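Below is one structure; the comments refer to it alone.
Protein chains in written order, with this note's numbering: chain A, 1 to 170; chain B, 171 to 306.
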């Protein structure tokens, strides 16, 4: 893929991730499960796609750009630590899991969702200076099975749609 | 495309799910195991931390009647109601209101966290039976 094309794709994916983050703010999971930081994690779909389509390096760039721009647009720089720690942990775990033979997008996404929650709880512990947020982690991990499955399902739909559109997939 | 994506669920995905479930169960057992030994609402102490510093400690079982206290942190204000049955954030001016939606906590190990205000309220058993740390 040419550099210009790759750069453009990264920019589009960053914009898409920001749009998905904004979109899911209209459907707060916290209204159902009142735990700080719990959400569908739709932006993780872009990370999964970028990981497989472009590789971990480009996925990392998109993730960092998304976190920085998201914090800037929201005017909430304190959220940067949460999104960065969660996102980086998720990307790291998914990068490793994607190399495991046999694991599908579902397994990789579940691992990423769980890792994202671990990263965010770690960020909360850093911000609060105590272990109180750890009490939320068991429930967050359980919920990550559902949100990870959702992300995996959406990612598989996306790749199937791209196949049908005759995009290259190796 | 750098890596081939396996689109259909694979039985091996269950291994990932099993690891997550086991981690959640182990952590949950460690955090709340001791809580199940105590009776809900009896001998509870609420520890309030603002910005990582303990600022208040309320012996819930010693309260003759429900009591409301106000805490400030990072430009936000939380109103917390303490009673012998537990603690609850009744109002807050934080943007997400997660602390209010958490509702009443009534067992050792349970906590309410308000991230924007950097305030946490954690219940411990009067004998210090609450969870201080998890190892391993």
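For each residue, glycine too, the CB sits at the ideal point set by N, CA and C. Since we're looking at a predicted model, the values are computed, not measured.
Chain B within 8 Å of residue 72 (chain A), Cβ atoms only: What you label residue 72 (chain A) is simply residue 72 of the first chain in a count that begins at 1. Output row for residue 72 (chain A): interface = no.
Any C-beta of chain A under 8 Å from that of residue 247 (chain B): Locating residue 247 (chain B) in the second chain gives position 77, counting from the first residue. No, no contact with chain A.
Partner residues on chain A for residue 281 (chain B), Cβ-Cβ distance less than 7 Å: The residue given as residue 281 (chain B) occupies position 111 in the second chain. The answer, in chain order, is 132, 135.
Distance, residue 217 (chain B) Cα to residue 112 (chain A) Cα: By 1-based counting over the first chain, the position of residue 112 (chain A) is 112. By 1-based counting over the second chain, the position of residue 217 (chain B) is 47. Whole-angstrom Cα-Cα distance: 33 Å.
Distance CB(residue 41 (chain A))-CB(residue 151 (chain A)) smaller than 8 Å: Here residue 41 (chain A) corresponds to residue number 41 of the first chain, with the count starting at 1. Here residue 151 (chain A) corresponds to residue number 151 of the first chain, with the count starting at 1. Yes, they are a contact pair.
Chain-order list of residues whose beta-carbon lies under 8 Å from that of residue 122 (chain A) (same chain, five-residue window excluded): On the first chain, residue 122 (chain A) is found 122 positions in, with the first residue counted as 1. Only 85, 89 meet the Cβ criterion.
Within chain A, partners of residue 222 (chain B) - CB distance below 7 Å: On the second chain, residue 222 (chain B) is found 52 positions in, with the first residue counted as 1. The answer, in chain order, is 128, 129, 130.
Own chain residues within Cβ distance below 6 Å of residue 245 (chain B), not counting five before or after: Numbered from its first residue, the second chain carries residue 245 (chain B) at position 75. Excluding its 5 nearest sequence neighbours in each direction, residue 245 (chain B) has no C-beta neighbour in its own chain below 6 Å.
Minimum C-alpha distance to residue 295 (chain B) - residue among B:286, B:284, B:276: Against the second chain, residue 295 (chain B) aligns to sequence position 125. Selection B:286, B:284, B:276 evaluated against residue 295 (chain B) yields B:276 as nearest (Cα-Cα).
Proximity below 8 Å, CB of residue 91 (chain A) to CB of residue 69 (chain A): The residue labelled residue 91 (chain A) in the question sits at position 91 within the first chain. The residue labelled residue 69 (chain A) in the question sits at position 69 within the first chain. Taking a C-beta distance under 8 Å as the contact criterion, residue 91 (chain A) and residue 69 (chain A) do not qualify as a contact pair.
Residue range of the unbroken alpha helix (DSSP H) whose run includes residue 87 (chain A): As a position in the first chain, residue 87 (chain A) is number 87, starting the count at 1. Here the alpha helix (DSSP H) through residue 87 (chain A) covers 78-97.
Nearest candidate by alpha-carbon position, reference residue 141 (chain A), set B:191, B:183, B:284: Here residue 141 (chain A) corresponds to residue number 141 of the first chain, with the count starting at 1. It is B:191 whose Cα lies nearest to the Cα of residue 141 (chain A).
For residue 284 (chain B), three-class secondary structure by DSSP: By one-based count along the second chain, residue 284 (chain B) stands at place 114. Residue 284 (chain B): strand per DSSP, three-state reduction.
Own chain partners of residue 97 (chain A) with C-beta closer than 6 Å, once the 5 adjacent residues on each side are dropped: For this step, residue 97 (chain A) is matched to residue 97 along the first chain. Taken in chain order, the residues that qualify are 103, 108, 111.
Residue 222 (chain B) versus residue 289 (chain B) - alpha carbon distance: Working through the second chain from its first residue, we reach residue 222 (chain B) at position 52. Working through the second chain from its first residue, we reach residue 289 (chain B) at position 119. Looking at the two C-alpha atoms, the distance is approximately 8 Å.
The segment 142-153 of chain A: positions lying closer than 7 Å to chain B by Cβ: Cβ contacts with chain B come from 142, 144, 145.
Continuous beta strand (DSSP E) stretch holding residue 256 (chain B): start and end: Locating residue 256 (chain B) in the second chain gives position 86, counting from the first residue. Here the beta strand (DSSP E) through residue 256 (chain B) covers 256-262.
Cα-Cα separation, residue 48 (chain A) to residue 139 (chain A): As a working mapping, residue 48 (chain A) is identified with position 48 in the first chain. As a working mapping, residue 139 (chain A) is identified with position 139 in the first chain. Rounded to the nearest angstrom, the gap between the Cα atoms of residue 48 (chain A) and residue 139 (chain A) is 23 Å.
Alpha carbon of residue 160 (chain A) to alpha carbon of residue 75 (chain A), nearest angstrom: Your numbering for residue 160 (chain A) matches position 160 in the first chain. Your numbering for residue 75 (chain A) matches position 75 in the first chain. One C-alpha to the other measures close to 37 Å.
Residue 241 (chain B) - partner residues in DSSP beta bridges: The sequence position of residue 241 (chain B) within the second chain is 71, counting from 1. Paired residues: B:248.
Chain A residues whose Cβ lies nearer than 8 Å to that of residue 197 (chain B): The residue you call residue 197 (chain B) lines up with position 27 of the second chain. Residues of chain A passing the Cβ test: 134, 137, 138, 141.
Residue burial classification, residue 26 (chain A) (beta-carbon count within 10 angstroms, cutoff 16): Taking the first residue of the first chain as 1, we reach residue 26 (chain A) at position 26. So residue 26 (chain A) ends up on the exposed side.
contact_flag[the segment 122-136 of chain A, the segment 8-16 of chain A] where n(CB pairs < 8 Å) is 3 or more: Counting C-beta pairs closer than 8 Å gives fewer than three between the segment 122-136 of chain A and the segment 8-16 of chain A, which falls short of the contact rule.
Neighbour list for residue 160 (chain A) in chain B, Cβ cutoff strictly below 7 Å: Position 160 of the first chain holds residue 160 (chain A). Correct list: 177.
Contact with chain A by residue 227 (chain B), beta-carbon distance below 8 Å: Position 57 of the second chain holds residue 227 (chain B). No - not a single Cβ of chain A is within 8 Å of the one on residue 227 (chain B).
Under the three-state DSSP convention, the category residue 32 (chain A) falls into: The residue you call residue 32 (chain A) lines up with position 32 of the first chain. Under the three-state reduction of DSSP, residue 32 (chain A) is assigned to coil, being neither helix nor strand.
is_contact[residue 102 (chain A), chain B] using C-beta, thresh 8 Å: In the first chain, residue 102 (chain A) corresponds to position 102, counting from 1. Among the residues facing chain B, residue 102 (chain A) is included, as its CB has a counterpart in that chain under 8 Å away.
Residues near residue 193 (chain B) by beta carbon distance below 7 Å, same chain, minus five either side: As a first step, residue 193 (chain B) must be located in the second chain, where it is residue number 23. Setting aside the 5 residues that flank it on each side, residue 193 (chain B) has no residue in the same chain whose C-beta is closer than 7 Å to its C-beta.
Integer-rounded CB distance, given that residue 279 (chain B) should sit under 8 Å from residue 201 (chain B): Counting from one through the second chain, the residue named residue 201 (chain B) turns up at place 31. Counting from one through the second chain, the residue named residue 279 (chain B) turns up at place 109. With a Cβ gap of about 5 Å, residue 201 (chain B) and residue 279 (chain B) count as contacting.
Beta-carbon contacts of residue 346 (chain B) that lie in its chain and below 8 Å, excluding the five residues immediately before and after: With chain B running from 171 to 306 in the structure shown, residue 346 (chain B) is simply not present.
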